[in-house]
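Each residue of the sequence shown is one higher than the one before, counting from 540 in the working numbering.
Okay, so here's the structure we're looking at.
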Amino acid sequence: MSFGMSSAAVIRATNAMLRSLGGDEVSLVFAAAAMPDDPSAQLGLVDPGVQQVNFAPVVVRNLPATGKGPRLRQEFLLSGSAVAEAVVAQNVASAQALFDSALGVMHNGLLLRIEGLTTEYFAGTAYLYRVVAVE
């Protein structure tokens, strides 16, 4: 049931919901692509560093940890429009490729490994991404 809403209206509503429910900020961390132009870099002696892409507003939810699994599990709700902007900025083919190429999610100084990704769609447009990450 669409209630007569357009995709743009759903994205605006999602962004408003994320701001009102927490409005936190997280970063996806990527390996830096550019290497210094010297022989030590070619030998692998230089750390290329990382690049961070910030997302806000984001809702962060703590999930129950399994008995034998990771100590910390968190779910991050990201706006579809923010993810679409990051896909363009990172010059990747899709949101899935963006998350697959990330080293992890940085939140409150912790780098968490991405465990799962779910996308919510309305009228064929992704409006919300649910990222589950673990320590």
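Cβ coordinates follow ideal geometry from the N, Cα and C atoms, glycine included.
Note that the structure is a prediction, hence the values are computed from the model and not measured.
Counting C-beta neighbours from all protein chains within 10 Å, is the total for residue i 16 or more, i.e. buried, or is it exposed?
i	result
GLY619	buried
VAL565	buried
Rounded to the nearest angstrom, what separates residue i and residue j at their Cα positions?
i	j	result
VAL671	TYR660	18 Å
LEU642	GLY562	23 Å
VAL592	THR658	19 Å
LEU650	VAL644	6 Å
VAL589	ALA572	8 Å
ARG669	ALA632	19 Å
VAL598	THR553	11 Å
With DSSP as the reference, label residue i as helix, strand or coil.
i	result
LEU642	coil
ASN554	helix
SER566	strand
LEU637	helix
For the beta strand (DSSP E) containing residue i, name the first residue and the last one.
i	result
ALA665	664–673
GLY648	Segment: none, GLY648 is in no beta strand (DSSP E) and carries neither H nor E.
Point to revise | Continuous beta strand (DSSP E) assignments of at least 3 residues falling wholly in the stretch 586–629 | key: 589–602 and 612–618
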